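Each protein sequence line maps, in turn, to chains S and Y.
Residues in the first sequence are numbered consecutively from 1, following this note's numbering.
Residues in the second sequence are numbered consecutively from 124, following this note's numbering.
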Amino acid sequence: MKILAVDDNPDIIKLVQLTVEVMGHEFESAGGGVEGLEKIKETKYDMVFLDLSMPDFTGMDVIESLEKDGTIKDQHIILFTASFLGMGELEEELIKKGIHSVLAKPADIDKIMDKINSIEAML
Amino acid sequence: MSGRFEKRIAVRKTLDPMTRSVDLDGRIIDCNDKYARMLGYMKDEVIGMSIFDHTPEESHERLKTIFNQWRRHESVNNRRFPLITRSGNVFDVLITVGDVVGSDGKLVRSRTVLLDYEEVQNLQELVKLSKYESLYEHSPEMYRTVNTDGIIVHCNNRYAEKMEYAKSEIIGRNLVEHTADKSISDILINMAQWRFSGVCHSGEIWMKPKTSKEFLALVTPTNLYDDEGALIGRNVVIQDMTKMQETTQMLEERRKIDQMKDEFLTGITHELKTPLTPIIGFSQALGKPGMLGDLNKRQADAVNTILNNATHLKQLVTDLLDIHKLELGRMKFKMAEFDLKDLLNNVTSSIIHAANEKNIKIKVTSKTRGTIVGDQFRIAEVMTNILYNAIDFSPNDTGRIEIIVEKEDEMIKFSIKDNGTGIPEDKQSELFNKFYQIATSMERRHGGTGLGLSICKGLVEGMGGTIGVVSKMGEGSTFHFTINPRGVES
Chain S
1 MKILAVDDNP DIIKLVQLTV EVMGHEFESA GGGVEGLEKI KETKYDMVFL
51 DLSMPDFTGM DVIESLEKDG TIKDQHIILF TASFLGMGEL EEELIKKGIH
101 SVLAKPADID KIMDKINSIE AML
Chain Y
124 MSGRFEKRIA VRKTLDPMTR SVDLDGRIID CNDKYARMLG YMKDEVIGMS
174 IFDHTPEESH ERLKTIFNQW RRHESVNNRR FPLITRSGNV FDVLITVGDV
224 VGSDGKLVRS RTVLLDYEEV QNLQELVKLS KYESLYEHSP EMYRTVNTDG
274 IIVHCNNRYA EKMEYAKSEI IGRNLVEHTA DKSISDILIN MAQWRFSGVC
324 HSGEIWMKPK TSKEFLALVT PTNLYDDEGA LIGRNVVIQD MTKMQETTQM
374 LEERRKIDQM KDEFLTGITH ELKTPLTPII GFSQALGKPG MLGDLNKRQA
424 DAVNTILNNA THLKQLVTDL LDIHKLELGR MKFKMAEFDL KDLLNNVTSS
474 IIHAANEKNI KIKVTSKTRG TIVGDQFRIA EVMTNILYNA IDFSPNDTGR
524 IEIIVEKEDE MIKFSIKDNG TGIPEDKQSE LFNKFYQIAT SMERRHGGTG
574 LGLSICKGLV EGMGGTIGVV SKMGEGSTFH FTINPRGVES
């Protein structure tokens with residue numbers, strides 16, 4: 001699989017990269033929302049780990065842009081966030097918008113692996 | 124208008140009538156002092172004058188009619204009629220004409236009683252007012268009566284007391300004098316609208332006592348009308364809003380603090396979770412075979428210690444958020460039907476490892492079976508929390524823990540009984556307070572945050588139940604909680 005991680009924290013990028021590559025998948029990264037959105041539009045990824053809270057252009061902005069041009073349904077976006085999503089309502093709303101699921105930070109490495117495996121099983 | 128009210132204040136409760144006596148030609152042959160005084164004459168001057176001299180010219184025709192009615196023995200009772208004073212002022216009176224007849228039975232002269240119309244009216248008002256006088260005078264609220272010019276014509280004791288004036292200093296003053304500068308334009312606009320429309324609005328104004336601080340008051344007026352329905356003034360209840368205002372301010376400040384706390388907690392937990400992600404992730408990666416190479420035993424121990432502490436920190440952050448959600452009433456419960464057996468299996472399997480480590484026996488006594496509606500995950504969380512405490516405080520090898528599930532009234536009761544050290548009575552009520560563990564015990568062996576039992580309490584209460592403990596030193600403790608088996612609405 002080809003997997004993209006969009007996060008402004010380079011250490012989190014490194015962790016996802018390690019996990020993805022150990023599992024034998026191809027990895028790319030983007031350090032912000034704008035770069036992430038560009039990459040998603042240029043390249044077909046099998047899976048995207050997307051941070052929510054990033055400066056300037058947030059994960060929410062990325063989701064809304066993809067929702068607007070109707071391409072979000074072609075993506076498997078895992079919202080990888082430390083944000084207090086509160087009451088699960090935002091989560092439901094985002095899933096309605098077309099993301100695949102939410103993975104809360106900090107996540108056990110096994111959970112990250114499970115996510116990758118579950119997407120791979122879908123393909 | 125103000126004159127009318129000023130007079131009313133002075134009016135006595137019995138009417139003091141004017142009288143005059145008129146001959147068949149309309150000449151005044153006698154009058155009382157009041158009649159002369161009201162018309163601006165000496166009594167001597169009045170005698171011999173015509174009644175037409177005391178009547179405005181435009182009413183002479185009406186006077187002739189009334190005069191002829193009297194001459195024809197027709198009754199004239201309380202007829203409203205104008206009089207004119209020496210200086211040309213016109214005022215209304217109510218005329219009642221009585222007959223004085225001679226020995227031959229013929230009409231000789233009149234005996235006329237004239238009541239000042241305003242006095243009559245004012246007296247009526249006074250009587251009307253007197254019905255409520257006690258309420259008005261002795262009300263704990265301030266009362267004042269103003270005329271349409273805004274002149275204060277009456278006030279109660281409380282008003283005088285609060286405004287720090289003698290009543291005599293208040294009567295006749297414009298209400299503006301008792302209004303704080305910042306409310307003067309408001310009250311003037313209000314008065315103008317009221318005079319124009321007759322509609323009186325309640326509102327808040329700042330009152331200005333003689334020396335004390337200005338205070339906010341809620342002003343509730345009621346219109347006063349004369350007998351013909353003309354607006355003559357208003358009765359106003361004035362309520363000091365200082366306490367209310369202080370309370371409102373306090374609540375507003377508290378709301379702001381709560382909001383700041385909310386933002387702070389949401390922000391800080393996000394900031395804490397972010398660095399925890401690579402700490403936990405890489406610690407786990409180091410311990411996983413085939414990820415980052417093999418570690419020797421000392422290195423593996425060190426990494427495991429990092430991981431344990433990072434996990435503890437993660438739990439603390441989660442607990443903080445949970446307690447925050449519970450405090451704000453934002454915790455949502457996912458209600459679903461589940462089998463009690465599944466719950467008990469899940470809970471015991473999650474703690475069995477910790478119990479086995481200390482060779483503690485766990486026994487489950489299920490006195491009720493079947494399915495209930497509730498948030499299985501949160502009920503399990505409460506049970507696990509209590510069970511870890513029980514394991515923590517029970518002795519190695521001889522420790523015994525019993526989980527009892529039974530029906531109690533309409534609720535399901537869970538009890539967790541241990542044979543541990545027990546909890547001193549004076550500490551039992553504090554157990555469910557936030558941070559109890561952190562504040563009181565440094566020798567915590569299992570990684571608890573001290574928030575555990577307070578979260579349990581919040582969760583149980585959120586699910587419609589109660590939580591408590593029964594304990595005796597040296598004999599162990601029994602924690603118990605109830606759950607509504609029909610679920611609760613979130």
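Glycine residues also receive a C-beta, built at the ideal position from the N, C-alpha and C atoms.
Keep in mind that this is a model prediction, so the values were computed, not measured.
Item, Value
"Boundaries (first-last residue) of the alpha helix (DSSP H) holding threonine 434(Y)", "420-450"
"Valine 223(Y) classed as buried or exposed, judged by whether at least 16 other C-beta atoms fall within 10 angstroms", "exposed"
"Spatial neighbours of glutamate 566(Y) in its chain, beta-carbon cut-off 7 Å, leaving aside the 5 residues before and after", "In this prediction, glutamate 566(Y) has a pLDDT of 41, which is less than 50 and means its spatial position is unreliable; nothing more can be read from the coordinates."
"Runs of alpha helix (DSSP H) wholly within the stretch 387-414 of chain Y (minimum 4 residues, chain order)", "none"
"DSSP state of glutamine 499(Y) mapped onto helix, strand, coil", "helix"
"Reference isoleucine 63(S); option with closest CA among Thr81(S), Gly31(S), Lys97(S)", "Lys97(S)"
"Residue range of the unbroken alpha helix (DSSP H) whose run includes alanine 107(S)", "Note, alanine 107(S): premise wrong, no alpha helix (DSSP H); not H, not E."
"Terminal residues of the beta strand (DSSP E) in which methionine 161(Y) lies", "Methionine 161(Y) -> not in any beta strand (DSSP E); alpha helix (DSSP H) instead, spanning 156-162."
"Residue range of the unbroken beta strand (DSSP E) whose run includes glycine 585(Y)", "It is not in any beta strand (DSSP E) - glycine 585(Y) instead sits in the alpha helix (DSSP H) that spans 575-585."
"Sheet register partners of leucine 238(Y) (DSSP bridge)", "Leu217(Y)"
"Member of Phe387(Y), Ile509(Y), Asn358(Y), Gly610(Y) whose CA lies at the smallest distance from the CA of glycine 543(Y)", "Ile509(Y)"
"Under 8 Å between C-beta atoms of asparagine 297(Y) and cysteine 323(Y)", "no"
"9 Å Cβ cut-off: residues of chain Y touching leucine 18(S)", "Gly404, Phe405, Ala408, Met414, Leu415"
"Whole-angstrom distance between arginine 357(Y) and lysine 285(Y), CA atom to CA atom", "20 Å"
"Minimum C-alpha distance to glutamate 197(Y) - residue among Pro205(Y), Arg203(Y), Gly221(Y)", "Gly221(Y)"
"For lysine 229(Y) and glutamate 184(Y), the rounded distance between their alpha carbons", "25 Å"
"Bridge partners - serine 489(Y), DSSP secondary structure assignment", "Val528(Y)"
"Beta carbon proximity, threonine 507(Y) to chain S, threshold 8 Å", "no"
"Within-8 Å CB hit, leucine 15(S) to chain Y", "yes"
"Complete runs of the beta strand (DSSP E) confined to the stretch 245-320 of chain Y [at least 3 residues]", "265-270, 275-278"
"Closer than 8 Å to chain Y by CB, asparagine 9(S)", "yes"
"Inter-residue spacing [alpha-carbon to alpha-carbon] between isoleucine 72(S) and isoleucine 78(S)", "12 Å"
"Option nearest leucine 341(Y) by Cα separation, candidates Arg267(Y), Asn280(Y), Met165(Y), Glu292(Y)", "Arg267(Y)"
"Proximity test, Cβ basis, 8 Å: leucine 399(Y) and chain S", "yes"
"Leucine 206(Y) - partner residues in DSSP beta bridges", "Phe214(Y)"
"From Asp272(Y), Gly149(Y), Val276(Y), residue whose alpha carbon lies closest to that of leucine 311(Y)", "Asp272(Y)"
"Beta-carbon neighbours of isoleucine 12(S), restricted to chain Y and to distances below 7 Å", "Thr400, Pro401"
"Range of the contiguous beta strand (DSSP E) that encloses glutamine 362(Y)", "354-363"
"Closer than 7 Å at the beta carbon, the chain S residues around lysine 396(Y)", "Ala82, Lys105, Pro106"
"Any chain S beta carbon closer than 8 Å to lysine 305(Y)", "no"
"Short CB-CB distance (under 8 Å) between arginine 420(Y) and chain S", "Before going on, a small fix: residue 420(Y) reads as lysine here, not arginine. Judged by the 8 Å Cβ criterion, lysine 420(Y) is not in contact with chain S."
"Nonlocal neighbours in the same chain, by C-beta distance under 6 Å from lysine 490(Y), ignoring five residues either side", "Glu529"
"DSSP state of glycine 591(Y) mapped onto helix, strand, coil", "strand"
"CA-to-CA distance, tyrosine 240(Y) to leucine 217(Y), given in whole angstroms", "6 Å"
"N- and C-terminal bounds of the alpha helix (DSSP H) containing aspartate 167(Y)", "166-169"
"Whether lysine 2(S) touches aspartate 46(S) by CB criterion (8 Å)", "yes"
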